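What the sequence shown shows, in the numbering used here, is residues 271 to 406, in sequence order.
All C-beta atoms in this analysis are idealised placements derived from N, C-alpha and C, irrespective of residue type, glycine included.
Note that the structure is a prediction, hence the values are computed from the model and not measured.
Everything below concerns the one structure shown next.
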Amino acid sequence: MMLKYYGWERKEFADCFNVGLSVCESQKANNKLARHFKHRYFEEGKLVSPKLVFSQRFNECRGTAYGQTRIKIGMRTTLGVLGHEFAHLINNRNGGVGHDKKFKRCHKKVITYIRSKNYFGMLEQYFKEETNNETQ
Ligand SMILES: [Zn+2]
Numbered sequence: 271m272m273l274k275y276y277g278w279e280r281k282e283f284a285d286c287f288n289v290g291l292s293v294c295e296s297q298k299a300n301n302k303l304a305r306h307f308k309h310r311y312f313e314e315g316k317l318v319s320p321k322l323v324f325s326q327r328f329n330e331c332r333g334t335a336y337g338q339t340r341i342k343i344g345m346r347t348t349l350g351v352l353g354h355e356f357a358h359l360i361n362n363r364n365g366g367v368g369h370d371k372k373f374k375r376c377h378k379k380v381i382t383y384i385r386s387k388n389y390f391g392m393l394e395q396y397f398k399e400e401t402n403n404e405t406q
């Protein structure tokens, strides 16, 4: 079931999985999603976005969402992965579980927003370009 979902999203949202993100870009995208979906919360009297935790052991395909306020991703990731995990935060807030039908709906909304914002102006094929530069 889980594997089936991953296969489906990678085909359906392939454009987003082609947009690579650095740590800084992940933060930027996270803030934009949090603001648009009104998914922010108060911490020490300040309205903040969900927290991103960057794992050096996560590759660009891996991510995990915790509850409604925390996402763990790699130092390099993609808009596809961030969108998926962000959709989990929203779905968790709505009482959803895992990759249920409600999750799919949340996920589609997140991706529609990302596309409507032209991937927040972030570069497609980011990793490929960077790799090319390294070998020159
Ligand atoms: Zn998931």
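Limits of the unbroken alpha helix (DSSP H) element including residue i
i	result
Tyr389	It is not in any alpha helix (DSSP H) - Tyr389 carries neither H nor E in the DSSP assignment.
Val289	Premise fails: Val289 is in no alpha helix (DSSP H) and is neither H nor E.
Cβ-based burial, residue i [other Cβ within 10 Å; buried from 16]
i	result
Phe373	buried
Glu404	The predicted model places Glu404 with a pLDDT of 49, which falls under 50 and marks its position as unreliable, so this point remains unresolved.
Arg346	buried
Val380	buried
Extent of the continuous beta strand (DSSP E) run through residue i
i	result
Lys342	Arg340 to Gly344
Gly333	Gly333 to Tyr336
Lys308	Careful: Lys308 lies outside any beta strand (DSSP E) and carries neither H nor E.
DSSP bridge partner residues for residue i (one or two, in chain order)
i	result
Val367	DSSP output for Val367 lists no bridge partner at all.
Val380	For Val380, which the question treats as bridged, DSSP gives no partner whatsoever.
Rounded distance between the beta-carbons of residue j and residue i, thought under 8 Å
i	j	result
Ala304	Pro320	6 Å
Phe328	Ile341	Actually they are not in contact, since the Cβ atoms of Phe328 and Ile341 sit about 11 Å apart, beyond 8 Å.
Gly333	Val351	4 Å
Val289	Leu349	4 Å
| said: Taking 6 Å as the limit, name every residue whose beta carbon sits nearer than that to some heavy atom of ligand 1, in sequence order. | reply: Residues lining ligand 1 by the Cβ criterion, that is a Cβ closer than 6 Å to any of its heavy atoms, are His354, His358 and His369 in chain order.
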